[in-house]
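As structure tokens, the structure follows; a few thoughts come after it.
Below, the structure is given as structure tokens:
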């Protein structure tokens with residue numbers, strides 16, 4: 001199936017989704033963005049037109065809102081015309097944040113952390129879809145299947161759960177990598193020494209469940225090591241607090 | 001160079017190091033372990049002898065203590081003979097935990113999380129080496145280079161720093177994966193939906209630094225999303241405490 005699609009936004013999601021749609025043979029008709037530089041960059045990349053005024057949007061089958069979560073409500077209100085399918089791509093907000101009675105509503109949420117310049121294999125990204133109408137769900141399916149092999153029907157409540165889980169599985173581990181780097185720097189040790197460990201830790205849970213791969217002093221309840229680590233972190237209250245809380249939770253998970 | 005090596009221990013480290021040494025063409029002479037089942041299993045795998053009494057250890061060039069950190073002191077005391085090189089493999093303890101005046105001391109610490117049955121490419125594992133004598137450091141180098149391309153000379157103090165960083169980079173993220181899985185289970189959502197995200201998060205910091213790849217509501221200071229997540233976690237005080245502390249630290253890392 002082929003649709004006319006316009007993308008609203010010029011951030012990481014807009015870039016990656018735009019590239020994936022083009023690769024899937026879809027026609028990206030227009031890029032709308034308030035950011036002229038990034039908007040034009042994306043339009044050039046997709047060999048399509050850039051517009052900076054929402055009211056000038058041409059009619060399309062689908063408008064994809066790849067914008068900040070808290071901008072969806074306002075932008076969706078002001079999309080001109082009628083009878084198109086509005087799709088937002090945000091994990092944290094409901095389908096009802098699309099507020100426009102002249103169009104139909106849907107959500108397409110890729111569960112992944114996206115960067116503009118890092119190439120990513122979209123076919124491996126789980127895509128969560130939701131629509132008000134069954135017929136639109138079919139449209140979403142036929143579009144998503146062009147992008148990915150992993151399609152999940154997920155309602156707004158479940159999507160919020162996934163978004164929270166993603167914070168625990170991505171944002172928080174990344175912060176802990178930063179903490180590890182800070183600790184290494186104190187000993188003049190390069191971050192490289194820990195990179196294979198980070199990789200292997202993520203790799204292990206691709207086939208196993210994380211409750212079966214927990215290692216370290218807290219799960220062994222090795223009080224000598226725990227105390228010696230806490231002593232080392234005495235002059236860094238931020239990292240000490242993190243160490244103590246997470247060690248405590250891991251200890252509690254034993255049994 | 002070829003050494004006669006005996007391995008003390010039959011845990012994850014003993015298995016992986018034993019396999020890597022054999023592959024590197026070294027002669028593993030004996031396996032000592034208090035655990036008869038696992039010790040025999042490893043001896044069979046390496047086509048060598050198993051012994052259960054420390055006093056029966058044959059003379060070897062090198063004894064590798066791949067045992068629990070807090071057992072190194074006691075076991076090292078009781079290694080018979082004299083003039084061999086004792087090597088412990090523990091991140092958390094000093095070279096001086098090898099207490100035996102009849103032998104020389106060294107440390108070989110692979111910075112990796114090891115499992116018995118998961119195949120691992122030892123050549124990509126950073127190995128930290130330390131020895132009392134320069135001549136022994138040369139022996140360690142010539143042995144390590146057979147196992148890995150990444151050799152670091154690291155003293156006991158620095159090794160402790162690496163071990164603490166490893167807790168932040170491996171043990172804590174793994175706990176957060178478990179937390180993510182718990183959250184998903186509440187919404188009847190499979191852990192599979194989050195696996196590619198875990199992988200990509202680790203993959204990103206293989207070339208970039210984590211302070212440049214931080215994403216999520218806390219680094220954006222998105223109070224609406226933060227509050228809505230905290231509300232969702234109200235009935236899980238453990239995960240709420242983790243969410244609040246880590247979000248707070250990430251927010252503080254903005255400037």
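Chains as they are written, first to last, in the numbering used here: chain A, 1 to 255; chain B, 1 to 255.
Glycine residues also receive a C-beta, built at the ideal position from the N, C-alpha and C atoms.
Using a beta-carbon distance cut-off of less than 8 Å, what residues from the segment 205-231 of chain B approach chain A? Those would be 205, 206, 209, 210, 211, 213, 214, 215, 216, 217, 218, 219, 222, 224, 225, 228, 229, in chain order.
May I ask which residues mark the beginning and end of the beta strand (DSSP E) holding residue 32(A)? Counted from its first residue, the first chain places residue 32(A) at position 32. First-last of the beta strand (DSSP E) with residue 32(A): 27-32.
Which residues bound the alpha helix (DSSP H) around residue 183(A)? Working through the first chain from its first residue, we reach residue 183(A) at position 183. Start and end: 172-186.
At least three beta-carbon pairs within less than 8 Å, the segment 222-235 of chain A to the segment 214-222 of chain B: Verdict: no, contact absent.
With a threshold of 8 Å between beta-carbons, can residue 86(A) be considered close to chain B, or not? On the first chain, position 86 is the one that residue 86(A) refers to. For residue 86(A), the answer is no, since every Cβ of chain B falls outside 8 Å of its Cβ.
Any 3 or more C-beta pairs closer than 8 Å across the segment 128-145 of chain B and the segment 145-153 of chain A: The segment 128-145 of chain B vs the segment 145-153 of chain A: no contact.
Taking residue 89(A) as the query, report the chain B residues whose CB atoms sit under 7 Å from its CB, ordered along the chain. What you label residue 89(A) is simply residue 89 of the first chain in a count that begins at 1. Within 7 Å of the CB of residue 89(A), no CB atom of chain B is found; the nearest one sits about 14 Å away.
DSSP state of residue 110(A), grouped into three classes? Locating residue 110(A) in the first chain gives position 110, where the first residue counts as 1. Strand at residue 110(A).
Expressed to the nearest angstrom, what Euclidean distance is found between the alpha-carbon atoms of residue 15(B) and residue 37(B)? Working through the second chain from its first residue, we reach residue 15(B) at position 15. Working through the second chain from its first residue, we reach residue 37(B) at position 37. Approximately 13 Å between the Cα atoms of the pair.
Under 8 Å, do residue 174(A) and residue 201(B) count as touching if we go by C-beta distance? Along the first chain, one-based indexing puts residue 174(A) at 174. Along the second chain, one-based indexing puts residue 201(B) at 201. Yes.
On a CA-only basis, which of 20(B), 161(B), 190(B) is nearest residue 182(A)? Give me that one, please. For this step, residue 182(A) is matched to residue 182 along the first chain. Taking residue 182(A) as reference, the option from 20(B), 161(B), 190(B) with the minimal CA-CA separation is 161(B).
Is residue 29(B) close to chain A, meaning its C-beta is less than 8 Å from at least one C-beta of that chain? Stepping through the second chain from its first residue, residue 29(B) is reached at position 29. For residue 29(B), the answer is no, since every Cβ of chain A falls outside 8 Å of its Cβ.
By DSSP, does residue 251(A) sit in helix, in strand, or in coil? By one-based count along the first chain, residue 251(A) stands at place 251. Three-state DSSP puts residue 251(A) in a helix.
Between the CA atoms of residue 86(B) and residue 164(B) - distance to the nearest angstrom: By 1-based counting over the second chain, the position of residue 164(B) is 164. By 1-based counting over the second chain, the position of residue 86(B) is 86. The alpha-carbon atoms of residue 164(B) and residue 86(B) are separated by roughly 24 Å.
Quick one: which residues of the segment 172-187 of chain B get their C-beta closer than 8 Å to a C-beta of chain A? List them in chain order. Per Cβ criterion, the list reads 172, 173, 174, 175, 176, 177, 178, 179, 180, 181, 183, 184, 186, 187.
Return the CA-CA distance between residue 102(B) and residue 82(B), expressed in angstroms with no decimal places. Along the second chain, read from residue 1 onward, the residue named residue 102(B) stands at position 102. Along the second chain, read from residue 1 onward, the residue named residue 82(B) stands at position 82. Distance between the alpha carbons of residue 102(B) and residue 82(B): 5 Å.
Measure the CB-CB distance between residue 75(B) and residue 54(B) and report whether it falls below 8 Å. Numbered from 1 along the second chain, position 75 holds the residue referred to as residue 75(B). Numbered from 1 along the second chain, position 54 holds the residue referred to as residue 54(B). Cβ atoms of residue 75(B) and residue 54(B): closer than 8 Å.
Mind checking who residue 49(B) pairs with in its DSSP beta bridge? Your numbering for residue 49(B) matches position 49 in the second chain. Looking at the DSSP output, residue 49(B) sits in a beta bridge with 30(B).
Would residue 126(A) count as contacting chain B if we go by Cβ distances under 8 Å? Taking the first chain and counting its residues from 1, the one referred to as residue 126(A) is at position 126. Taking Cβ atoms only, chain B reaches closer than 8 Å to residue 126(A), which makes this a yes.
Close beta carbons around residue 192(A), own chain, < 8 Å, minus the five adjacent residues each side: Position 192 of the first chain, counting from 1, holds the residue named residue 192(A). For residue 192(A), there are no CB contacts under 8 Å within the same chain when 5 residues up- and downstream are skipped.
Please determine, among 204(B), 176(B), 99(B), 120(B), the residue with the shortest C-alpha to C-alpha distance to residue 258(B). Outside the displayed range of chain B (1 to 255) lies residue 258(B), so it cannot be described from this structure.
For residue 97(A) and residue 104(A), I'd like the C-alpha separation in whole angstroms. Taking the first chain and counting its residues from 1, the one referred to as residue 97(A) is at position 97. Taking the first chain and counting its residues from 1, the one referred to as residue 104(A) is at position 104. Between the alpha carbons of residue 97(A) and residue 104(A) lies a distance of about 12 Å.
Please state whether the Cβ-Cβ distance between residue 5(A) and residue 66(A) is less than 8 Å. Along the first chain, read from residue 1 onward, the residue named residue 5(A) stands at position 5. Along the first chain, read from residue 1 onward, the residue named residue 66(A) stands at position 66. Taking the C-beta atoms as reference points, residue 66(A) is found no nearer than 8 Å to residue 5(A).
I want to verify the contact list: residues of chain A whose CB lies under 7 Å from the CB of residue 197(B), in sequence order. Along the second chain, one-based indexing puts residue 197(B) at 197. Ordered by position in chain A, the residues that pass the 7 Å Cβ test against residue 197(B) are 111, 112, 113, 166, 169, 170.
When you compare only the Cα positions, how much space is there between residue 196(B) and residue 123(A)? As a first step, residue 196(B) is located in the second chain; it is residue number 196 there, counting from the start. As a first step, residue 123(A) is located in the first chain; it is residue number 123 there, counting from the start. Spanning the two alpha carbons is a distance of roughly 11 Å.
When DSSP labels each residue in this structure, what does residue 233(B) get in the three-state scheme? Taking the second chain and counting its residues from 1, the one referred to as residue 233(B) is at position 233. In this structure, residue 233(B) counts as coil in the three-state DSSP scheme.
Does the beta carbon of residue 19(B) sit closer than 8 Å to a beta carbon anywhere in chain A? Along the second chain, read from residue 1 onward, the residue named residue 19(B) stands at position 19. So no, residue 19(B) is outside the interface.
Is the beta carbon of residue 189(B) closer than 8 Å to that of residue 214(B)? Reading the second chain from its first residue, position 214 is the one you call residue 214(B). Reading the second chain from its first residue, position 189 is the one you call residue 189(B). No, the Cβ-Cβ distance between residue 214(B) and residue 189(B) is not below 8 Å.
Any contact of the segment 43-53 of chain A with the segment 22-29 of chain A, i.e. 3+ C-beta pairs under 8 Å? By the Cβ test, the segment 43-53 of chain A is in contact with the segment 22-29 of chain A, since at least three Cβ pairs between them sit closer than 8 Å.
Look at residue 246(A) and residue 172(B) and say whether their C-beta atoms are less than 8 Å apart. Against the first chain, residue 246(A) aligns to sequence position 246. Against the second chain, residue 172(B) aligns to sequence position 172. For the 8 Å CB-CB criterion, residue 246(A) and residue 172(B) form a contact.
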